[in-house]
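Asker: Residue numbering for the sequence shown follows numbering that gives the first Met the number 0, starting at 0 and increasing by one per position. Got a structure for you, written out below as structure tokens; questions coming shortly.
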Amino acid sequence: MNSFLKSFFRFRISLTVKFLMAMIFLVFITSAAFGWFFLGREASQLQNRLDDYGRSMISHYLSDQSLSLLLEHGVGLTQCPLLQGMADRMVTEKDVLLSTFINNQGDWVAHAVRKNSSLDVRNAYLLTHPIKSRDGQALGTLQLGLSYNQVQERIAELRRDILFLSLGVTGIGFLLTLFFTRILLKPIEKLASATEKIAEGDLSQAVEIHSRDEIGDLAGSFNQMTLQLKDSRNEMEKKVEERTRQLEENIAELNHARTATLQMLENLQSAKAELERMNFELKEADETRMKFVGMASHELKTPLTAIKANIDFILATKGEEVSDDLKSHFLTIQRNTNRIQETMDHLLDLSRIKSGQLPINKEPILLSEAVDGYVHNVKPVDKALAIQVDIPENLFVYADRNRLHDIFINLLSNAFKFTPEGGTVSVIARPKDHDILHEIRDTGIGIPQDKIKKVFEEFFQVEGGKYGGTGLGLAIAKRVIEEHGGRIWVESWLGKGSTFYFTLPACKEKENGRSVHSERD
Numbered sequence: 000m001n002s003f004l005k006s007f008f009r010f011r012i013s014l015t016v017k018f019l020m021a022m023i024f025l026v027f028i029t030s031a032a033f034g035w036f037f038l039g040r041e042a043s044q045l046q047n048r049l050d051d052y053g054r055s056m057i058s059h060y061l062s063d064q065s066l067s068l069l070l071e072h073g074v075g076l077t078q079c080p081l082l083q084g085m086a087d088r089m090v091t092e093k094d095v096l097l098s099t100f101i102n103n104q105g106d107w108v109a110h111a112v113r114k115n116s117s118l119d120v121r122n123a124y125l126l127t128h129p130i131k132s133r134d135g136q137a138l139g140t141l142q143l144g145l146s147y148n149q150v151q152e153r154i155a156e157l158r159r160d161i162l163f164l165s166l167g168v169t170g171i172g173f174l175l176t177l178f179f180t181r182i183l184l185k186p187i188e189k190l191a192s193a194t195e196k197i198a199e200g201d202l203s204q205a206v207e208i209h210s211r212d213e214i215g216d217l218a219g220s221f222n223q224m225t226l227q228l229k230d231s232r233n234e235m236e237k238k239v240e241e242r243t244r245q246l247e248e249n250i251a252e253l254n255h256a257r258t259a260t261l262q263m264l265e266n267l268q269s270a271k272a273e274l275e276r277m278n279f280e281l282k283e284a285d286e287t288r289m290k291f292v293g294m295a296s297h298e299l300k301t302p303l304t305a306i307k308a309n310i311d312f313i314l315a316t317k318g319e320e321v322s323d324d325l326k327s328h329f330l331t332i333q334r335n336t337n338r339i340q341e342t343m344d345h346l347l348d349l350s351r352i353k354s355g356q357l358p359i360n361k362e363p364i365l366l367s368e369a370v371d372g373y374v375h376n377v378k379p380v381d382k383a384l385a386i387q388v389d390i391p392e393n394l395f396v397y398a399d400r401n402r403l404h405d406i407f408i409n410l411l412s413n414a415f416k417f418t419p420e421g422g423t424v425s426v427i428a429r430p431k432d433h434d435i436l437h438e439i440r441d442t443g444i445g446i447p448q449d450k451i452k453k454v455f456e457e458f459f460q461v462e463g464g465k466y467g468g469t470g471l472g473l474a475i476a477k478r479v480i481e482e483h484g485g486r487i488w489v490e491s492w493l494g495k496g497s498t499f500y501f502t503l504p505a506c507k508e509k510e511n512g513r514s515v516h517s518e519r520d
């Protein structure tokens, strides 16, 4: 059923049919409303006439002289020939079906029904009239039953007349609506037909409607729109031709560019292969260099250690016996020997880190105790500096003891080196989540902002070697910290000093000598 309704409502219903259906419905509803109104009014009038007829008959019979004498004495209604005869006479009257005299006790004292009648007594219209004496005393009631047949026949006749009249009016309305609809909608049909042809691509359509109303205005606007569409299409075709020509030129240029791009890709592939080859050679050269550096540093370390030990021994035991000039030469040899040893140590560490051979053996280390030793070992004796250490007691770091020494020695050496006389170097450590955050702060010369990102690169020096050093200390410290799972960064202001931050895993001591540490290896 639903599919049938859907398919039905898909059909196109023309405007003419819609107008006809609307007008037929309107005329039919109007006719039915007026018919119902007149039918109701006529039925009410017929019932009033029947009521008046019955009451006039009751008044006539109650005014009978013999009944008047009975009522005059105020005697109640009783069964008597007079009342029965009156009831019998009343049912012989036109449209009277029954008559009944009822006393005050509700008993029938006289009753008559019309004989030999096809009328249905059960559908009688009952009229009840009180019977009173001359002094107004209630004696009983008279009930009269009247036939509805004439009223019903008249109503049925009126219904037929109204139905035929409604059908006639509807038919006339249909014809008039059809006539005027054809006249009114013909221009719209022309517009619709022309619109369909325009939609199919025929822009030569023009609607000839000259009426001076809204439809005429619509036709004029439609014709104007058609002309504009034709002009727009012609202009569009010209633009399409122009764009097509430009597109063909662009395609030719793109083909040329494609050929050039392919050639560039081939060149890039060749350059990439060459770069990969050069990179491989550079890696091999770097590995060879690091191997050579490691080997040379290792080979030089033994004689250098002997030289340093002899110089230290001479200065410690024979320093007062040698002349000042010779002592000055010994001190110069000692200073340069220390510098060479520091450089070789850095080169060896860097070589081990790059080759993955730097051992990391982590253990719990009491940080405050370790830092005190590092500061004591590296603090300068020829420069007055304020050194502040702020590390809580029982703060343990989980790290390699030798590598922790390298980290602090490199960072503290930098801080002492770049901090002028009277400056301050601070070492601070605080727990942070599962790590320990370290700060090494100085009031030295600072680092320019454009060089901060380079301070952890190998062989980089802030002042270009003015303060000495290998330029490897910070690079080694960064690699070692990252091997521990931490990170390092710096904040610096030129002329105000620098602060190096780095994190290492924390270690919390537990009872029975056990320890709990935070590892992120």
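Where a beta carbon is used, it is the ideal one built from N, C-alpha and C, also for glycine. The structure presented is a predicted model; accordingly, all values stated were derived computationally and were not measured.
1. In the DSSP assignment, find the alpha helix (DSSP H) that holds H110 and state where it starts and stops.
2. Taking just the CA atoms, how far does I313 sit from N409?
3. Please state whether the Cβ-Cβ distance between L49 and L145 is less than 8 Å.
4. May I ask you to report which of helix, strand or coil DSSP gives G372?
5. Which word fits M263, buried or exposed, when buried means at least 16 other C-beta atoms lie within 10 angstroms of its C-beta?
6. Could you tell me if I406 is buried or exposed, where buried requires 16 or more neighbouring beta carbons within 10 angstroms of its beta carbon?
7. Specify the secondary structure class of R440 as computed by DSSP and reduced to three states.
8. Tell me which residue opens and which closes the beta strand (DSSP E) that L384 is part of.
9. Counting C-beta neighbours from all protein chains within 10 Å, is the total for I36 16 or more, i.e. buried, or is it exposed?
10. Secondary structure at S43, three-state DSSP: helix, strand or coil?
11. Would you identify the three-state DSSP class for D537, choosing helix, strand or coil?
12. At the level of alpha carbons, what is the spacing between Q44 and N148?
13. In three-state terms, what does DSSP make of Q525?
14. For a quick check, are the C-beta atoms of G422 and S497 less than 8 Å apart?
15. Is there contact between the stretch 80 to 92 and the stretch 126 to 134, where contact requires at least three CB pairs shorter than 8 Å?
16. Pull up the CB-CB distance for F415 and I364, whole angstroms please, since I reckon it's below 8 Å.
17. State the start and end residues of the unbroken beta strand (DSSP E) segment that holds K131.
18. Would you call the CB atoms of T418 and L366 closer than 8 Å?
19. At what residues does the beta strand (DSSP E) containing F458 begin and finish?
20. With 16 other CB atoms within 10 Å as the buried threshold, where does K382 fall?
21. Let me know the secondary structure DSSP gives R429 once reduced to three states.
22. What does the alpha-carbon distance come out to for the pair R257 and S231?
23. Have a look at P391, I359, P358 and S412 and flag the residue whose alpha-carbon is nearest the alpha-carbon of Y373.
24. Does the beta-carbon of H483 have 16 or more other beta-carbons within 10 angstroms, so that it is buried, or is it exposed?
25. Under 8 Å, do I154 and A32 count as touching if we go by C-beta distance?
26. Measure from the alpha carbon of E420 to the alpha carbon of each residue in P379, Q460 and G170, then state which is nearest.
27. Short check: CB of F455 to CB of L473, under 8 Å?
28. Restricting to Cα atoms, I'd like to know which of A272, I197 and S30 is closest to G160.
29. Name, in chain order, the residues that DSSP records as bridge partners for T91.
30. Straight-line CA distance for L125 to V150?
31. Is the beta carbon of I359 less than 8 Å from the beta carbon of D311?
32. According to the neighbour-count rule (16 or more other Cβ atoms, all chains shown, within 10 Å of its Cβ), is I487 buried or exposed?
33. Taking the alpha-carbon positions, what's the L97 to S58 distance?
34. What are the start and end residues of the alpha helix (DSSP H) that includes I406?
35. To the nearest whole angstrom, what separates the beta carbons of D523 and L503, a pair I think is in contact under 8 Å?
36. CB-CB under 8 Å to A123, same chain, minus the five flanking residues each way: which ones, in chain order?
Answerer: On the basis of the data shown:
1. Premise fails: H110 lies in the beta strand (DSSP E), W107 to V112, not in any alpha helix (DSSP H).
2. 29 Å
3. yes
4. helix
5. exposed
6. buried
7. strand
8. Note, L384: premise wrong, no beta strand (DSSP E); not H, not E.
9. The question names Ile, yet the displayed sequence has Phe at residue 36. Classification of F36: exposed, given that the 10 Å Cβ count is below 16.
10. helix
11. What the structure shows of the chain is the stretch from 0 to 520, and residue 537 is not part of that stretch, so it cannot be assessed.
12. 15 Å
13. Absent from the model: residue 525. The displayed extent of the chain is 0 to 520, so no value can be given.
14. no
15. no
16. Contact doesn't hold; Cβ gap of about 22 Å is too wide.
17. Y124 to K131
18. no
19. Run containing F458: none; DSSP gives neither H nor E here.
20. exposed
21. strand
22. 36 Å
23. S412
24. buried
25. no
26. P379
27. yes
28. Reading off the sequence shown, one finds Asp at residue 160, where the question assumed Gly. When only C-alpha atoms are compared, the closest one is S30.
29. Paired residue(s): none; T91 is not in a bridge.
30. 14 Å
31. no
32. buried
33. 16 Å
34. R400 to F417
35. No information on residue 523 is available, as it lies outside the stretch 0 to 520 that the chain covers here.
36. L96, L97, G144, L145, S146 and Y147
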